[in-house]
Amino acid sequence: MSEFDEMFKTSPKPGNAAKYVCHKALQKDIDVLKTKVPFPEPSDEEKVGLFLRKLNELRRSRRSVQLFLDICVRCGACVKQCHYYLGTEDPKNAPVGRAEILRKIYRRYFTIGGKLFGKLAGAEDLTPEYLEKELYTYFYQCTECRRCSVFCPYGIDTAEITMAAREALEEAGLATKYITEVIAKVHTIGNNLGIPKPALENTLEFVKDDIKDMYGVDVEIPLDKEKADILFVAPSADFFTNVDTLIGYILVLNKLGLDWTFSSYASEIANFGLFFSYREMEAIAARIIRVARQIGAKWVIAGECGHAWRAARQFWEQLNGPLPFKFMNVGEFTASMIRKGRLKFDPSKNADVKATLHDPCNYARAGNLVDEYRFILKHVLPEGNFIDMREDAIKVKTFCCGGGGGLLTDEIMELRMLGGKPKAMAVKEVVEKHGVNYLAAPCAIDKAQLPLVMKHWNVPVQVGGVHDLVAKALKWE
Amino acid sequence: MGAITTFIGVYLPYIAVLVLVVGFIWRIVKWWNTPSYNIAVFPGQTSLAQGLIRVLSEVIFFRSLLNFKGNYTLWLGGWLFHVGLFLTISGHIFKFFVPMPPGFYASVRAAIGDAIILVGIVITITGLYLLLRRIVNPEIRMISIVPDYIVLLLILGIVISGIWMTEVSRVDVAYVKYYIQSLMSFSPVPPPDNAAFLTHFFLVQLLAMYFPFSKLMHAGGIFMSPTRWHYFPEGAHRKEFE
Ligand code: SF4
Ligand code: SF4
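So the protein sequences, as listed, match chains A and P. In terms of the working numbering, the first sequence has 424 at position 420, counting the first letter as 1, and numbering is strictly consecutive. In terms of the working numbering, the second sequence has 483 at position 104, counting the first letter as 1, and numbering is strictly consecutive.
1. Residues in the same chain with beta-carbon distance under 7 Å from I380 (chain A), minus the five sequence neighbours each way, listed in chain order, please.
2. Cβ of A163 (chain A) versus every heavy atom of ligand 2: is any distance shorter than 6 Å?
3. Helix, strand or coil: how does DSSP classify F529 (chain A) here?
4. Leaving aside the five residues before and after F611 (chain P) along the sequence, list all residues of the same chain whose C-beta is less than 8 Å from its C-beta, in chain order.
5. Please state whether the Cβ-Cβ distance between F236 (chain A) and W264 (chain A) is less than 7 Å.
6. Along chain P, in chain order, which residues have C-beta atoms closer than 7 Å to that of L124 (chain A)?
7. Determine the direct distance from the alpha carbon of L585 (chain P) to that of L399 (chain P), and round the result to whole angstroms.
8. Based on Cα-Cα distance, which residue from A:V100, A:A103, A:H27, A:C149 lies nearest to D450 (chain A)?
9. On a Cα-Cα basis, can you pick out the residue from A:S65, A:P328, A:E93, A:R107 that is closest to V77 (chain A)?
10. In chain order, what residues of the segment 469-494 of chain P put their CB closer than 8 Å to some CB of chain A?
11. For my contact list, L278 (chain A) and R314 (chain A) are in at a C-beta cut-off of 8 Å; report their separation, rounded to the angstrom.
12. Given a cut-off of 7 Å, decide if G406 (chain A) and G424 (chain A) are closer than it, judged by their beta-carbon atoms.
13. List, in chain order, every chain A residue whose beta-carbon is nearer than 9 Å to that of H461 (chain P).
14. So that I know if they touch, is there some Cβ in chain P lying closer than 7 Å to that of R314 (chain A)?
15. Of the residues that make up the segment 434-448 of chain P, which ones have a beta carbon closer than 7 Å to any beta carbon in chain A?
16. Kindly say whether K618 (chain P), judged by its beta-carbon, lies nearer than 7 Å to any beta-carbon of chain A.
17. Does the beta carbon of T147 (chain A) fall short of 6 Å from some heavy atom of ligand 2?
18. Could you name the residues that DSSP lists as bridge partners for W303 (chain A)?
19. In chain order, which alpha helix (DSSP H) runs of at least 4 residues are fully inside the segment 389-429 of chain P?
20. Take the Cβ of F513 (chain P) as the centre, count every other Cβ of all protein chains shown within 10 Å, and call the residue buried at 16 or more, exposed below.
21. Where does the unbroken beta strand (DSSP E) through E468 (chain A) begin, and where does it stop?
22. In chain A, which residues lie less than 7 Å from L453 (chain P) when you measure between Cβ atoms?
23. Using a C-beta cutoff of 7 Å, does E546 (chain P) count as contacting chain A?
24. So M11 (chain A) and L90 (chain A) are supposed to be a Cβ contact under 8 Å. How far apart are they, rounded?
25. Going by the C-beta, is C405 (chain A) closer than 6 Å to any heavy atom of ligand 1?
26. Since K594 (chain P) meets chain A, which of its residues come closer than 8 Å, beta carbon to beta carbon?
27. Could you tell me the boundaries of the alpha helix (DSSP H) in which L502 (chain A) lies?
28. Rounded C-beta distance between V384 (chain A) and V431 (chain A)? I'm assuming under 8 Å.
29. Can you give me the C-alpha to C-alpha distance between E174 (chain A) and G541 (chain P), rounded to a whole angstrom?
30. Could you tell me which of P:K556, P:L435, P:R607 sits nearest to L154 (chain A), measuring between CA atoms?
31. Determine the contact status of K17 (chain A) and E138 (chain A), defining contact as a CB-CB distance below 7 Å.
32. I'd like to know if M588 (chain P) contacts chain A, where contact means its C-beta is closer than 7 Å to some C-beta of that chain.
33. Kindly list, in the order they appear in chain P, the residues whose Cβ is closer than 8 Å to that of R66 (chain A).
34. Tell me whether E619 (chain P) is buried or exposed, calling it buried when 16 or more other Cβ atoms sit within 10 Å of its Cβ.
35. By the 10 Å Cβ neighbour count, where 16 or more other Cβ atoms means buried, how is S271 (chain A) classified, buried or exposed?
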C-alpha cells in the first residue's frame, strides 16, 4: 500500500488540533479596517448576542448557509476528504465535524428542536468560551478549499459555513492577526505585502535588467499608464519572491506587443476578503475595478493566484455589479495566445525539467481552470516531461496545499505541514516513479506554502510557477 | 374503540398530514426565498439543463458518493435503502389512492410473489447497516447526534411493524384500504383492530410530523443545492483573448 493510500486509514483523535490557534487581530489593523467597513469591538457579554444576530442575518441572506445548515445527514462521506482531517485526525476538522460546530449553535437558537430539547437535539449553548475554543479555533483551520463539497451527496460546501462563521465571528470582534494585517495593508498601501510605489518602481527596474541579462531582450514594464487596453494585476508576492513568474508574464506581454500596464494602486490580485467577509471582498475588488475604469481597460488579466481567481470569477460581478471590461486568468490568456499561434516555444530549453502540476483548489473547483495550465506546460516542456499525479489529487479532486484560506501564518506552521501531507504524498509518488523534479504551482499561496511542505515531508522537488517555464522556453524570433 | 385508538386512528392522521404538508412547503418556500449567490462547484454546468442533469444524477444515483472508493459500501447501502423506501412509498400511494381495476393488486401480487416483502427486508438490512455504522465506526459515531439514531429507529420500526402486520398478524388488507379511504373522505370508520397495524400507522404519523423539522428535509433540499444547481452560461466567461 502506498503512503498516499495509507493516509486514509484514520482513527479519530478528538482535540488533537485544538492547540493550533491563529493569533488575534492587532488593534492597529482593526483601526484601519474600521475606516472601510464596520468592525465592532464588543465586550465579552455582548459578543454572544452579536454573533447570533449576524448568524441570523447571514442565514437569511444566503441560501447556501441556510440550506447547508439544514440538510446535512451526517453520512460521513466527506470526513476523509479534508486534508486537515487526514493530517490531524481531529473529528472537528472533518468537514461535517467542523460544520457541526456552527450547526449546534444554529439549532439551539433558530430551530424548534434545539430550543425545546437542547443537547438531545444536537444543540449547544453559545458562550464566550465556545466562541473562542470551538468557533474561532476550528473555523480558522479550514482553508475554504471546497474539496468536501465534491464528495457530499448534497454538494454541501463547508467553505460556505466557514465563511459565515468567520463573518459572524468578526461581528463579535474576533478576527486573526494575519488576515486583518494583510487587508489593512491593501487598504493603506495597495497590496498584501505592503510594497509602496517607489519600491515597486525599483523592483521593476531590477527585473528589467534581469531580463536583459538572462534573455538578452529589452522589455517595457509599464506602471500606471494613463490609458491601456490591458490592466495586468499580479499577486504582489510575484514582485518580490516569485520574480521568475513575473518575468514570464512580462515576456509574454512584450512578445505579443500589447498595450498593457501594471498599477501601483491596484497592485494586488489576491483578495483576502474571501477569507473574511463579503463586504471586505467587495471593497478590495473595488480597487482593481476602479483602476480598470480609469484607464479604460478592455481586459483585466489576473496573475497566478488561486483564491484571487475565485474572488474574481465567482464574485466580482455578483458583488461589484456589471463590469465595463472582460477579465481572464493569465493561464487562460497564455493558452489562448498559444492556440492562436502567437507564441512559439523551444521546449529543449526546459529539457532538465520534469514537471507535475498542482491544481490550486480555487482554479479547479471555482474556476473550471484545469486544462489551460496543462496545455501550456505541454507546450513549453519536451514531450513526456509533464506527468500528472494520481487522479484523486488533481483537477476537481485536487488536495489543498494546506496554506490557503488565510492560514498562511507562522503560528500554525505545524498544522500547515500536517494539512499539506496529502498533496506531498501525491507528489512523492510521481517523484519516485517518474523522476519529477518540478512542482508547477500557479498560485502565490502555493509558492509560499508548498516548498515548506515538500521539505517537511522529504519530497525532493523544486516548486515554481508555470510562467517561469514559459519564460525559459519562449522564442523571440 | 379505546380513547388512544380513536386518537391515533381518527384525529392524529389529519394532524400529521397537515404538519407534513404545511411544514414541508414552508421549508421549501423559505429556502426558495433566500437569495442565492452563484457558488457553483466545478466541473461546472453551463446551462440550466446541465444543472438539472447534475442534480438528478445525485438524486437518482447518489453520484458524488462514487467519487471516492472508500465510500462504495455507503453508496450501496444508502442507495438500496432509499430505493427500497421509494418503491415502498410508491406502492402505498398506488394501492390506496390510485383506483385500479378490480383484481389488479391480486394479479400483481401473484406475479411478483414475495418480492414485496423482499423490498421490506432490503430496507431493514440496509437500515440496520446504516445504524450499525453509526455505532461501530468511530468516525461516524463522533459526528452523529441523537436525532440521527431516532430517524433510523423510526424507519426500522415502521418497516418491521409493516412486515409483521402483513406477514405475521395478517391484518385484513381490504379493510385497511377501506379505512384509509374513509379517512380521505373525512368520514373515518374505526381503524383495523390490529396491534401491528396500529403501531405501524402511529410510527408513520410520528415520522411525518417530524419530517419538516428534521434532516429528512434533505429530500427536498437536494434539489436546491447552490453548488450543484448554479451554472455559468457558456460565453459569460471568455477563455479566448481577442
Ligand atoms: S457528506 Fe454532506 S451530508 Fe454527508 S456528512 Fe458530509 S456534509 Fe453532511
Ligand atoms: S473546505 Fe477544505 S478545509 Fe474546509 S472543511 Fe472542506 S475540505 Fe476541509
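Idealized CB from N, CA, C, for every residue including glycine.
Judging by the given coordinates:
1. Working through the first sequence from its first residue, we reach residue 380 (chain A) at position 376. Contacts found: G335, T338, A339, I342, V470, V474.
2. Position 159 of the first sequence, counting from 1, holds the residue named residue 163 (chain A). Within the cutoff, so yes.
3. The structure shown does not extend to residue 529 (chain A), since chain A is modelled only from 5 to 481, so the question has no answer here.
4. Indexing the second sequence from 1 puts residue 611 (chain P) at position 232. Closer than 8 Å at the Cβ level, and outside the excluded window around F611 (chain P), lie N417, A419, G423, Q424, T425.
5. As a first step, residue 236 (chain A) is located in the first sequence; it is residue number 232 there, counting from the start. As a first step, residue 264 (chain A) is located in the first sequence; it is residue number 260 there, counting from the start. Contact: yes.
6. What you label residue 124 (chain A) is simply residue 120 of the first sequence in a count that begins at 1. Neighbours of L124 (chain A) on chain P, chain order: V525.
7. The residue given as residue 399 (chain P) occupies position 20 in the second sequence. The residue given as residue 585 (chain P) occupies position 206 in the second sequence. About 10 Å.
8. As a first step, residue 450 (chain A) is located in the first sequence; it is residue number 446 there, counting from the start. Among A:V100, A:A103, A:H27, A:C149, the Cα nearest to that of D450 (chain A) is on A:C149.
9. Within the first sequence, residue 77 (chain A) is the residue found at index 73, counting from 1. Checked all of A:S65, A:P328, A:E93, A:R107; the closest Cα to V77 (chain A) is A:R107.
10. none
11. Within the first sequence, the letter at position 274 stands for residue 278 (chain A). Within the first sequence, the letter at position 310 stands for residue 314 (chain A). Contact holds; Cβ gap of about 6 Å.
12. Looking up residue 424 (chain A) in the first sequence gives position 420. Looking up residue 406 (chain A) in the first sequence gives position 402. Contact flag set, yes.
13. Taking the first residue of the second sequence as position 1, residue 461 (chain P) is located at position 82. Ordered by position in chain A, no residue passes the 9 Å Cβ test against H461 (chain P), which lies about 10 Å from the chain.
14. Here residue 314 (chain A) refers to the residue found at position 310 when the first sequence is read from its first residue. Not closer than 7 Å to any Cβ of chain P, the Cβ of R314 (chain A) fails to qualify, so no.
15. Flagged, chain order: E437, F441, S443, L444, N446, F447.
16. Here the question's residue 618 (chain P) lines up with position 239 in the second sequence. Yes, K618 (chain P) lies at the interface with chain A (some Cβ there is under 7 Å from its Cβ).
17. Residue numbering aside, residue 147 (chain A) sits at position 143 when the first sequence is read from its first letter. At least one heavy atom of ligand 2 is nearer than 6 Å to the Cβ of T147 (chain A), so yes.
18. In the first sequence, counting from the first residue as 1, residue 303 (chain A) sits at position 299. W303 (chain A) is bridged to A:I234, A:K330.
19. 391-412
20. As a working note, residue 513 (chain P) is residue 134 in the second sequence. Before going further, note that residue 513 (chain P) is Arg rather than Phe in the sequence given. Counting Cβ neighbours within 10 Å, R513 (chain P) comes out buried, since at least 16 surround it.
21. Here the question's residue 468 (chain A) lines up with position 464 in the first sequence. A small fix is needed here, since residue 468 (chain A) is Gly in this sequence, not Glu. G468 (chain A) -> beta strand (DSSP E) spans 466-468.
22. Here residue 453 (chain P) corresponds to residue number 74 of the second sequence, with the count starting at 1. By Cβ distance, chain A contributes C79, A81.
23. The residue labelled residue 546 (chain P) in the question sits at position 167 within the second sequence. At a cut-off of 7 Å, the C-beta of E546 (chain P) has no neighbouring C-beta in chain A.
24. Walking along the first sequence from the start, residue 11 (chain A) turns up at place 7. Walking along the first sequence from the start, residue 90 (chain A) turns up at place 86. Confirmed, about 5 Å.
25. Start at 1 with the first residue of the first sequence, and residue 405 (chain A) comes out as number 401. Answer for C405 (chain A): no, Cβ out of range of ligand 1.
26. Counting from one through the second sequence, the residue named residue 594 (chain P) turns up at place 215. Within chain A, the residues near K594 (chain P) are D74, I75, C76, V77, R78.
27. The structure shown does not extend to residue 502 (chain A), since chain A spans only 5 to 481, so no value can be given for it.
28. In the first sequence, residue 384 (chain A) corresponds to position 380, counting from 1. In the first sequence, residue 431 (chain A) corresponds to position 427, counting from 1. So it is not a contact: roughly 20 Å between Cβ atoms.
29. As a first step, residue 174 (chain A) is located in the first sequence; it is residue number 170 there, counting from the start. As a first step, residue 541 (chain P) is located in the second sequence; it is residue number 162 there, counting from the start. For E174 (chain A) and G541 (chain P), the distance between alpha carbons rounds to 52 Å.
30. Along the first sequence, read from residue 1 onward, the residue named residue 154 (chain A) stands at position 150. The identity of residue 154 (chain A) in the sequence shown is Val, whereas the question assumes Leu. Among P:K556, P:L435, P:R607, the Cα nearest to that of V154 (chain A) belongs to P:R607.
31. As a first step, residue 17 (chain A) is located in the first sequence; it is residue number 13 there, counting from the start. As a first step, residue 138 (chain A) is located in the first sequence; it is residue number 134 there, counting from the start. Contact flag unset, no.
32. Taking the second sequence and counting its residues from 1, one reaches residue 588 (chain P) at position 209. For M588 (chain P), the answer is no, since every Cβ of chain A falls outside 7 Å of its Cβ.
33. Locating residue 66 (chain A) in the first sequence gives position 62, counting from the first residue. Near R66 (chain A) (Cβ distances below 8 Å), the residues of chain P are T413, P414, S415, Y416.
34. The count along the second sequence starts at 1 and reaches residue 619 (chain P) at position 240. So E619 (chain P) ends up on the exposed side.
35. If you number the first sequence from 1, residue 271 (chain A) lands on position 267. S271 (chain A) comes out buried.
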